Amino acid sequence: PRQMIKRIASIIPIPMNLGQPNLGLDLAPSAIISSGLPRLLGDIGWRVKQQEQFLVETYRNCATQTDFKAKNCYEVGNVCNLIEKKLLGELSNDQFPLILGGDHCISIG
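In this note's numbering, each residue carries its 1-based index in the sequence shown increased by 529.
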């Protein structure tokens, strides 16, 4: 028999804008949460576990460049590794990890 994951959503805010120079995307996770996402999830039957946000440097504080025009590859890679560890931990606790990010680089992880 297939084991069902409990209906616990673990909200993981990752305010990151390392993959592009436009400021403001890092504000998206807190805006989504303060706009009522936890309440909406609760209204449809999910229990919500709010995680602390990842502390990620901003684009202007760490600007490593590569020959192929990718931005902050080293820093993005480090954050993706941290995301992977966090996700595996949440999944091993039978929780649904819901990542809120600002930057498209988060999907790489």
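Note that CB positions come from ideal geometry on N, CA and C, so glycine has one too.
None of these values were measured; they are calculated from a predicted model.
Fill in: Where I573 sits in the DSSP three-state scheme
coil
Worksheet item: Between V608 and I541, is the Cβ-Cβ spacing less than 9 Å?
Response: no
Discussion item. Can you tell me whether I564 is helix, strand or coil according to DSSP?
Written reply: Note that residue 564 is Ser in the sequence shown, not Ile. Of the three classes helix, strand and coil, the one that applies to S564 here is coil, per DSSP.
Worksheet item: According to the neighbour-count rule (16 or more other Cβ atoms, all chains shown, within 10 Å of its Cβ), is D555 buried or exposed?
Response: buried
Worksheet entry | DSSP-derived helix/strand/coil call for L620 | helix
Worksheet item: Are at least three pairs of beta-carbons, each pair with one atom in the region 618-629 and one in the region 549-567, less than 8 Å apart?
Response: yes
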